[in-house]
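First residue of the sequence shown: 11, per the working numbering; consecutive thereafter. For glycine and all other residues, C-beta sits at the position ideal for the given N, C-alpha and C.
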Amino acid sequence: MTETDRLLALSTDDVERDFVAAMVPLIQNAHNGRRSLHWRTPMAYLLNHGQSWAPVPLPTSIMHGALSDCFTNAWKTVQTQPDLRYVEGYGYDPDIGFPIEHAWCIDSAGRVLDLTWRDATRCRYFGAIFPPKAVVQIQALTGVYGVLDGSRWRSVEPLLKAMAQQPKPLPVR
Numbered sequence: 011m012t013e014t015d016r017l018l019a020l021s022t023d024d025v026e027r028d029f030v031a032a033m034v035p036l037i038q039n040a041h042n043g044r045r046s047l048h049w050r051t052p053m054a055y056l057l058n059h060g061q062s063w064a065p066v067p068l069p070t071s072i073m074h075g076a077l078s079d080c081f082t083n084a085w086k087t088v089q090t091q092p093d094l095r096y097v098e099g100y101g102y103d104p105d106i107g108f109p110i111e112h113a114w115c116i117d118s119a120g121r122v123l124d125l126t127w128r129d130a131t132r133c134r135y136f137g138a139i140f141p142p143k144a145v146v147q148i149q150a151l152t153g154v155y156g157v158l159d160g161s162r163w164r165s166v167e168p169l170l171k172a173m174a175q176q177p178k179p180l181p182v183r
C-alpha cells in the first residue's frame, strides 16, 4: 500500500479526501533524489512521523495570533500553556484548496487548537509533534521557528535524526 493509499483509506469525509488528493504531488516528491539525508525532505519526515489531527474550536481562554505567523503563534502559546504540544505539517483550508505548511498546537486529547486560522473546524491537518527541545535548538540554528522549512532542511535534518536515535527515558513509577 502506498503512502497516498494509506492516507486515502484514513479519510473520513470529502474535505479530507480533497486534502489527501492535494498532498499527492508533495508525497510523490518526498524523497526528491536526495540520498545523503535520512529523511530527504520535510515531507519524508512527516510521512514517517506524522498523523492526521482533528480540529476543535479555540477555547476562549486562548487568543488568536497574527494570520500570517502560525509558527510563532503556536510556539509562543506552547510556552505559556505547558499542557499543549507544538505540531508542524500541512493544513488544508477548503476555501484555499491546497495544503499549506502550517503549525498549530494540540491538547492532551490530541485535538488541534489552531491559533492562526479563524475557522479551523472546517480545516484538516497532517503533521508531527516536535518536542520543545527540538524547536529551541532548531530556532537557535536557523533563526526561525519553522522546523520543516525546506530551505533549511539540510541543517535541521541531522539534529532531528540525532534526537530520534536518543534513548527514550524510562517511565516514572
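Quick one: measure Cβ to Cβ for residue i and residue j, integer angstroms, because I've assumed they're closer than 8 angstroms.
i: residue 126; j: residue 77; result: 6 angstroms
i: residue 51; j: residue 160; result: 7 angstroms
For residue i versus residue j, is the C-beta spacing smaller than 8 angstroms?
i: residue 85; j: residue 145; result: yes
i: residue 214; j: residue 124; result: As shown, the chain starts at 11 and ends at 183. That puts residue 214 outside it, with no answer to give.
i: residue 164; j: residue 152; result: no
i: residue 69; j: residue 131; result: no
i: residue 172; j: residue 108; result: no
i: residue 128; j: residue 59; result: no
Near residue i, what residues of its chain come up, given a Cβ to Cβ distance below 7 angstroms and the 5 sequence neighbours on each side ignored?
i: residue 118; result: 93
i: residue 87; result: 72, 94, 115, 125
i: residue 147; result: 169
i: residue 67; result: 131
Please name the residue, chosen from the options, that lies closest to residue i on a Cα-to-Cα basis.
i: residue 53; options: 150, 122, 112, 128; result: 112
i: residue 100; options: 88, 90, 81; result: 81
i: residue 134; options: 59, 172, 63, 32; result: 63
i: residue 2; options: 91, 143, 79; result: With the chain represented from 11 up to 183, any question about residue 2 goes unanswered, as that position is not in the structure.
i: residue 61; options: 89, 120, 141; result: 120
Give me, in chain order, the residues of the same chain whose beta-carbon lies closer than 8 angstroms to that of residue i; leave out the 5 immediate sequence neighbours on both sides.
i: residue 116; result: 63, 94, 95, 97, 122, 123, 139
i: residue 91; result: 72, 115
i: residue 28; result: 102, 104, 107
I'd like the list of long-range same chain contacts for residue i, defined as Cβ closer than 6 angstroms, with 5 residues on each side in sequence excluded.
i: residue 47; result: In this prediction, residue 47 has a pLDDT of 49, which is less than 50 and means its spatial position is unreliable; what the coordinates show is noted afterwards. Hits under 6 angstroms: 167.
i: residue 83; result: 75, 125, 126
i: residue 158; result: 52, 98
Let's see if you can read the secondary structure: which residues bound the beta strand (DSSP E) around residue i?
i: residue 85; result: Looking at the DSSP string, residue 85 is not in any beta strand (DSSP E); the run it does join, the alpha helix (DSSP H), is 80 to 90.
i: residue 109; result: 109 to 116
i: residue 139; result: 134 to 140
i: residue 123; result: 121 to 123
i: residue 65; result: 61 to 65
i: residue 95; result: 95 to 102
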